[in-house]
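Just so you know, the sequence shown maps onto residues 64 to 382 in the working numbering.
Quick reminder that beta carbons are idealized off the backbone N, C-alpha and C, glycines included.
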Amino acid sequence: MRARLAASFALLAGLFRMGHSLPVQFVINHGNEECLYDQVKKDESFTVSAFILGGDTLRAHIHCEGPVAPYDVESGAALGEAEDKFDRKQGDYGEKIEYSINTDFEELNIAVDDKPEEEEDSGAKEGESPEEMRARRAAERRKALENRQRQERIKQKQKKFIRDEGEPIQKTLVAKSDGWYRACVEARHSTVTMELDFRKESEYGGISDSGHVFTLEEKAVEDEDKDLDEDTAAKEGISDEDFQMAKDKLKTLRRLLADIQSKQTNERHRLMIHSATNEHSHSRMVLSSLLETVLFMLVTGFQVFTIRRWFKGAPVLGR
C-alpha cells in the first residue's frame, strides 16, 4: 500500500509539471496565421482552445475546418499539397465542417454562436382582425426581447469566463469524415502571442462535464482513478475499510491539486489580460494627451500671431 501511496503522491506532484507541455504558444506576426493539424476519425469529438496572451491589440480571427487532407496522408509534403488543393477548392476529402469566430479579449467583443431568430413580418395578415394583429405583434416583440436577453446572457457568461475566470475560448466539434483537420489563428490587426490547443477525444479519454474534451490534467486524474479502482484491498494486504478510506482521500486530494493548478493557470491568463488592457489604455491616454497638447500649442500660437498682427494694424481681422 505504501508503494501505491508513494506512486500516487508522485503523480500528484507531477501534475504541476505536465500541464505546461500543452497548449502550444505562437507569436503570430501581423497578417500571418499559425495552425495546428491532427488526424480525426469520423464521429470523433475534438476541442479547439485558444487564448491571446499579449499583443498590440488582443484581437484575432480563429477558425477550424476540415478535412483538409485524406486521413491516410503521412508526410508533411503530401499534407501540404492536399491542403493547397483544399484551399483552392480543388480537393474534396469528405463532408466538411467549419467554425470561425472573431475575438477581442480586451474589449470582449465576443461573437455568440447561436444566431438570433429572424423576426417575422409584423404586417397585417389576410383575414386578421385589428385585435388579433395587435396581439400577434405583442407576442413577436416579447419573443424578440427574450431572444436578445438570451444572447446577452450568453455573451456575459463568455465575458466572465475570459475576464474574471481567465478561461480560454473553446469550441468542441464532431468530425463528419475521416481526415486531417486544422485549427488556425490569424493575426488580422496586430502581432499577437497566442496559446492554441487541439484535443481529440480518442487521445484524452472522453468529454468533461463542461462539454469539452478532457485537458491533460483531467486525463491524468481520470487515468489514476481507473488505476485505483482496479486495485483491491487484498492486493495491498489491508482491510477493505482502510483501503476504501485511503483511496477516497487520494482521489479527493488529487482533484483538489488539479483544481488548484487550473485556477493558477486561469489567474495567470486573467492577469495577462488586465496587464495588456492597462498598457493599451495608458498608451492611448499618452497619445491623446500629446495630441491635445500639440493642438493647444497650435491654437495658442495662432491666437498670439493674430493679436500681434491686429495691434500692428495689419488687415488680418478684416480691417
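Proximal residues to residue i (C-beta, below 8 Å), its chain only, five neighbours per side dropped
| i | result |
| --- | --- |
| glycine 269 | Val276, Phe277, Glu285 |
| alanine 174 | Residue confidence is low: alanine 174 scores 48 on pLDDT, short of 50, so the model does not pin down where it sits. Its coordinate-derived value is still stated next. Here the set comprises Ile164, Asn165, Thr166. |
| asparagine 95 | Glu249, Ala250 |
| valine 136 | Leu142, Ala145, Trp243 |
| tyrosine 351 | Rather than tyrosine, the amino acid found at residue 351 in this sequence is serine. Cβ within range, chain order: n/a, list empty. |
| methionine 420 | Outside the displayed span of the chain (64 to 382) sits residue 420, for which this structure offers no information. |
| glutamate 191 | Arg199 |
Best match in the options for proximity to residue i [C-alpha to C-alpha]
| i | options | result |
| --- | --- | --- |
| histidine 93 | His124, Ile336, His345, Ser253 | Ser253 |
| threonine 23 | Arg216, Ala238, Glu230, Glu161 | Only positions 64 to 382 of the chain appear in this structure, which leaves residue 23 out of reach. |
| phenylalanine 261 | Val255, Ser271, Gly274, Lys234 | Lys234 |
| lysine 105 | Glu137, Ile160, Leu361, Glu97 | Ile160 |
| arginine 333 | Ile232, Glu355, Asp147, Asp288 | Ile232 |
| glycine 129 | Gly139, Ser112, Asp155 | Asp155 |
| alanine 339 | Thr120, Ser112, Ala202, Met360 | Thr120 |
| glutamate 287 | Cys127, Ile301, Arg318 | Arg318 |
| lysine 239 | Asp147, Glu158, Ala283, Phe368 | Glu158 |
| glycine 118 | Asn341, Trp373, Leu353, Phe368 | Asn341 |
| leucine 115 | Leu354, Arg331, Thr315 | Position check: residue 115 holds isoleucine in this sequence, whereas leucine was assumed. Closest by alpha carbon: Arg331. |
| glutamine 324 | Arg347, Ala283, Gln307 | Ala283 |
Outcome for residue i when other beta-carbon atoms lying within 10 angstroms are tallied against a minimum of 16
| i | result |
| --- | --- |
| glutamate 281 | buried |
| glutamate 183 | Only weak support exists for where glutamate 183 lies, its pLDDT of 48 falling under 50; the coordinates are left without a value. |
| aspartate 305 | exposed |
| tryptophan 243 | buried |
| valine 345 | According to the sequence displayed, residue 345 carries histidine and not valine. The residue in question, histidine 345, is exposed, as its Cβ has fewer than 16 Cβ neighbours within 10 Å. |
| alanine 321 | buried |
| phenylalanine 365 | exposed |
| phenylalanine 374 | exposed |
| aspartate 176 | Because the pLDDT at aspartate 176 is just 47, under 50, the model does not fix this residue reliably, and the value given afterwards should be weighed accordingly. Classification for aspartate 176: exposed. |
| arginine 204 | exposed |
| leucine 313 | buried |
| arginine 122 | buried |
| alanine 113 | buried |
| isoleucine 370 | exposed |
| alanine 140 | exposed |
| alanine 202 | exposed |
Sheet register partners of residue i (DSSP bridge)
| i | result |
| --- | --- |
| tyrosine 100 | Arg245 |
| aspartate 167 | Arg122 |
| valine 255 | Ile91, Gly118 |
| glycine 129 | Ile160 |
| arginine 211 | Beta-bridge pairing links arginine 211 to no other residue. |
| threonine 113 | With the sequence shown as reference, residue 113 is identified as alanine, and threonine is not the correct amino acid for it. In DSSP, alanine 113 forms a bridge with Ile232, Leu259. |
| serine 108 | Val237 |
| isoleucine 270 | Val276 |
Contacting residues, own chain, Cβ-Cβ under 6 Å from residue i (five flanking each side not counted)
| i | result |
| --- | --- |
| tyrosine 134 | Gln102, Asp241, Gly242 |
| histidine 124 | Asn165, Glu249, Arg251 |
| valine 87 | Leu259 |
| phenylalanine 149 | Val131 |
| arginine 291 | In the sequence on display, residue 291 carries leucine and not arginine. The answer, listed in chain order, is Lys310. |
| valine 90 | Thr256 |
| valine 237 | Ser108 |
| isoleucine 336 | Phe168 |
beta-carbon residue i near the ligand SAM non-hydrogen atom, thresh 7 Å
| i | result |
| --- | --- |
| tryptophan 243 | Inclusion of the ligand SAM in the displayed structure is not the case, the ligand content being empty and no account of it being possible. |
Sequence-distant residues of its chain with Cβ nearer than 7 Å to residue i (five each side left out)
| i | result |
| --- | --- |
| lysine 326 | none |
| lysine 263 | Asp101, Val103, Glu107, Phe109, Val276 |
| alanine 246 | Cys98, Leu99, Val111, Cys127, Leu259, Phe261 |
| asparagine 172 | Residue placement at asparagine 172 cannot be trusted, given a pLDDT of 46 that sits under 50; what the coordinates show is reported in the next sentence. No residues qualify anywhere along the chain. |
| phenylalanine 368 | none |
| serine 271 | Phe277, Glu281 |
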